[in-house]
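Residue numbers (full-length UniProt numbering): 1 to 671. Think of the CB as a built atom: it goes at the ideal place given N, C-alpha and C, for glycine as much as any other residue. For clarity, every value in this text was computed on a predicted model and none was experimentally measured. Below is one structure, written out as structure tokens, with a few remarks after it.
Written as structure tokens, this is what we have:
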């Protein structure tokens, strides 16, 4: 190499580099010529292995040329195209193995004019596409440019943005919660627009996956029916469970939810066979209507009349499922198990879905709901109030008698059901006998055993057990208890079968987990997607696996998670079958000193206590002056409102206390 120092004419410049130093910015003008390997250095010393950094103040321009391999360093102006590092703040989510391989590929394989090192590889820019990141690098030695994605552009699994939106569906959150979660981890989140775009793509995928799962469940139900020879005119028939839920909590009075769903579940497989979603609202249509314009082209999910009652969504959706059972599954839903809190069965009967097959749908009431409604009515009896002027002595004590025997009545009903189920008699005979047994339960519980022997009960007639029936009748409480029992006895045929709709309640709990009832997740078809996700989770217990299976591979971490969950559910179910359901905590039926009216409170301030004491003494003095009038007005005692008022204000007064004693107390208090 020729080390002769000379001054050469600058050749045309191709590219420019900036050497960004911690102590300042210093640039040198270097020319690389292709004709020979001579280095000409001006105002500097030569280092043949690297470009030398000049720590002096000011700027230098470094240029890379193609004409020869000579380096020429001389003073020159600052190049505005110099390389500047752009290091983004925060954290990013990356596919670590992919990104590591990409870094090696881009750095090791780029065409280098001189010996480049990894420290010369500068990050000059970064772009975010939702949670995906694209990094732009440039070599400050040879100006080679490259870009690297944080994950493959055509991944074998779901891309990070789609997977994140799918995760919000299965977890039960939305974009606002995802944004807050990412902010807590110092990760920039996708925009709301990007979230909606990915969400709309997922709606169809979720619905398609849910439909496939329901058809697979229908095939299993159909095969089981054929094996049992449950066939009418060559068409298999099955028993189903039906129930509905709404997007908004009603609190018992506001039945105005904008979306609802009705589900039909196979009784044998416990799998969803049909879901019908009802939406009363579309954001795009509503905005266009309020502005008096035509709505733009969009996929509208509104399929229910805005002026119709939201309570009819359940009936309408389930009736649709019965009408489509032959087309969807080739089966007849002959029997429906449901609760009695809606008009579902009446709607099905009116629609006559199987009139061509001459089949009438039969309904079986859920035993759990019947017993729950019985206890609810009995609690209402125990909370009955009467006007003090018409209240008879002992009314409150008798209410407590009813309250303390609610669970006993329920247990007696269950025992009567179990005894009749064990009998070897026709079903209609057992239903009639069970009805008579249930009607005898109130008198048996409250101490009257006139018909117990007739019903086959051997009662221990202990003289210490009081007969409350005459007293309950006197106060009108027994008639109300009997009314609730009569209603229950009318469903003795359903009670004998002891069918429950717990699978529907489990499905509703999954819906509540994925949708909730606090935040409106029903816009732009997202309610449909979440319902579809709940169907997949209920039928397969592995919604994430099914989501990733939509044309992609399932990550191993997803398989591990859902296998661990399934194993835990299996262990819990097995434990409950062996040991029963364990109660972890003792249930307290009333409030205590830690919460409620009896909660502990700090002492009153001295001045506040003094004022209250003075007011009370003034009342005592006033009552002492008017004791004769008070005596006349409270002679009826329990039937007098004034007497009850005095009992509350002056608890030391008993029924036998004479008003004179009150006057004496007042006199002493004034001394």
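Spatial neighbours of residue i in its chain, beta-carbon cut-off 7 Å, leaving aside the 5 residues before and after
| i | result |
| --- | --- |
| residue 378 | 402, 406, 409, 481 and 484 |
| residue 121 | 107, 137 and 139 |
| residue 135 | 123, 126, 147 and 148 |
| residue 677 | Missing from the structure shown is residue 677; the chain here goes from 1 to 671 and no further. |
| residue 195 | 165 and 175 |
| residue 431 | 492, 493 and 496 |
| residue 423 | 430 |
Residue burial classification, residue i (beta-carbon count within 10 angstroms, cutoff 16)
| i | result |
| --- | --- |
| residue 35 | With a pLDDT of 42 at residue 35, under the threshold of 50, the predicted position of this residue should be treated as unreliable, though the coordinate-derived value follows. Answer is exposed; the Cβ neighbour count stays below 16. |
| residue 142 | buried |
| residue 673 | The question about residue 673 has no answer, for the chain in this structure spans 1 to 671. |
| residue 518 | exposed |
| residue 679 | Nothing can be reported for residue 679, as the shown portion of the chain is limited to 1 through 671. |
| residue 274 | buried |
| residue 259 | buried |
| residue 634 | buried |
| residue 154 | exposed |
| residue 575 | exposed |
| residue 689 | In the structure displayed, the chain extends from 1 to 671; residue 689 sits before or after that span and is not available. |
| residue 556 | exposed |
| residue 191 | exposed |
| residue 233 | exposed |
Of the listed residues the options, nearest to residue i (C-alpha basis)
| i | options | result |
| --- | --- | --- |
| residue 383 | 620, 133 and 477 | 477 |
| residue 467 | 557, 275, 443 and 499 | 443 |
| residue 305 | 105, 646, 324 and 257 | 257 |
| residue 211 | 110, 647 and 540 | 540 |
| residue 337 | 452, 525 and 265 | 265 |
| residue 474 | 532, 395 and 503 | 395 |
| residue 414 | 472, 488 and 355 | 488 |
| residue 242 | 314, 198 and 218 | 314 |
| residue 164 | 132, 625 and 565 | 132 |
| residue 345 | 240, 532 and 249 | 240 |
| residue 342 | 332, 465 and 363 | 363 |
| residue 216 | 328, 281, 470 and 158 | 328 |
| residue 459 | 470, 445 and 542 | 445 |
| residue 247 | 371, 509 and 219 | 509 |
| residue 532 | 420, 202 and 624 | 202 |
| residue 97 | 144, 152, 530 and 117 | 152 |
| residue 530 | 109, 209, 161 and 88 | 209 |
| residue 742 | 319, 365, 375 and 372 | It is not possible to answer for residue 742, since the shown part of the chain is limited to 1 through 671. |
| residue 173 | 522, 647, 612 and 89 | 522 |
| residue 520 | 297, 279, 616 and 499 | 279 |
| residue 365 | 197, 226 and 500 | 500 |
| residue 91 | 117, 119, 183 and 526 | 183 |
| residue 308 | 287, 607, 359 and 255 | 255 |
| residue 436 | 245, 427, 448 and 455 | 455 |
| residue 100 | 150, 110 and 145 | 150 |
| residue 636 | 393, 448 and 245 | 393 |
C-alpha distance - residue i paired with residue j, whole-angstrom precision
| i | j | result |
| --- | --- | --- |
| residue 171 | residue 357 | 43 Å |
| residue 166 | residue 417 | 46 Å |
| residue 323 | residue 127 | 52 Å |
| residue 490 | residue 497 | 14 Å |
| residue 568 | residue 367 | 28 Å |
| residue 561 | residue 334 | 39 Å |
| residue 187 | residue 130 | 11 Å |
| residue 515 | residue 270 | 22 Å |
| residue 545 | residue 339 | 33 Å |
| residue 236 | residue 267 | 14 Å |
| residue 277 | residue 512 | 15 Å |
| residue 158 | residue 547 | 9 Å |
| residue 451 | residue 469 | 13 Å |
| residue 162 | residue 199 | 8 Å |
| residue 317 | residue 261 | 7 Å |
Close Cβ partners of residue i (< 6 Å) along its chain, the five nearest in sequence each way excluded
| i | result |
| --- | --- |
| residue 353 | 322 and 323 |
| residue 507 | 263 and 538 |
| residue 103 | none |
| residue 282 | 300 and 302 |
| residue 725 | Past the edges of the chain, shown from 1 to 671, lies residue 725, and the structure says nothing about it. |
| residue 457 | none |
| residue 534 | 510, 511 and 514 |
Cβ-heavy atom distance, residue i to the ligand FMN, below 7 Å
| i | result |
| --- | --- |
| residue 620 | This structure lacks the ligand FMN; in fact it carries no ligand of any kind. |
Own chain partners of residue i with C-beta closer than 8 Å, once the 5 adjacent residues on each side are dropped
| i | result |
| --- | --- |
| residue 441 | 409, 412, 413, 416 and 485 |
Q | Every unbroken alpha helix (DSSP H) inside the region 266-351 [4 residues or more] | A | 283-291, 313-323, 325-329 and 344-351
Q. Unbroken alpha helix (DSSP H) runs of length 4 or more, entirely within the region 347-422: which are they?
A. If we require 4 residues or more, the alpha helix (DSSP H) runs fully inside the region 347-422 come out as 367-382, 395-404 and 406-422.
Q. Which whole runs of the beta strand (DSSP E) in the region 155-183 are 3 residues long or more, in chain order?
A. None, since the region 155-183 contains no complete beta strand (DSSP E) of that length.
(Q) As an exercise, report each continuous alpha helix (DSSP H) stretch of at least 4 residues that is fully enclosed by the region 537-564, in chain order. (A) 543-548
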